[in-house]
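Working notes, structure below.
Residue numbers (our numbering): 42 to 180.
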């Protein structure tokens, strides 16, 4: 059973998402972004109709991504557990809502132009994380 956050966990979710017709039906995308969970940072690369790679990066690696999503480990765990309990994130637990409701937001970027890729592809990114509903997880 993969541990969140780990490369194994994100790679398992990547496989689940790529095999989900609803994920692919959202259309082509081209973005790379970071997921910052405490001190751990994971980079995800999306191209065409799938997530093509998952890699661990350091703080400097965040300079190369379009944007990153940052929450404390407890907040990420609550987010993932909600998805696993409900099958998908409801309207109060989407990245868009979390960004709006969290003081200072959860969306970060070193380049405002590239940050727009979040808004362009947020449904695909959300569907990717919704695929975690099918992944048994330990924390």
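Ideal placement from N, C-alpha and C gives every residue a C-beta, glycine not left out. Remember, it's a predicted structure, so these values are computed and weren't measured experimentally.
* Asked: Taking one C-beta from the segment 132-144 and one from the segment 96-106 each time, how about it: are there three or more such pairs within less than 8 Å?
  -> no
* **Nonlocal neighbours in the same chain, by C-beta distance under 8 Å from residue 93, ignoring five residues either side** => 86 and 87
* Asked: Looking only at C-alpha atoms, which of 146, 153, 55 and 63 sits nearest to residue 164?
  -> 63
* To do: Evaluate the contact criterion for the segment 67-77 versus the segment 147-163: three or more CB pairs, one atom per stretch, below 8 Å.
  => yes
* Using the C-alpha atoms, what's the distance from residue 132 back to residue 66? -> 20 Å
* Asked: In this structure, what does DSSP give as the bridge partners for residue 87?
  -> 72 and 92
* Asked: Is DSSP giving residue 120 helix, strand or coil here?
  -> helix
* Considering only the beta carbon of each residue, do residue 114 and residue 78 sit closer than 7 Å? -> yes
* Exposed unless 16 or more other CB atoms sit within 10 angstroms - verdict on residue 27 -> Look at the range of the chain in this structure, 42 to 180, and you will see that residue 27 is not part of it.
* Distance, Cα to Cα, residue 175 vs residue 53? -> 9 Å
* Determine the closest residue to residue 75 out of 179, 155 and 177, with distance taken between C-alpha atoms. => 155
* Nearest candidate by alpha-carbon position, reference residue 157, set 57, 109 and 89 -> 109
* Given that a residue counts as buried once 16 or more other Cβ atoms are within 10 Å of its Cβ, and exposed if not, what is residue 58? -> buried
* Asked: Taking buried to mean at least 16 other C-beta atoms within 10 Å of its own C-beta, is residue 178 buried or exposed?
  -> buried
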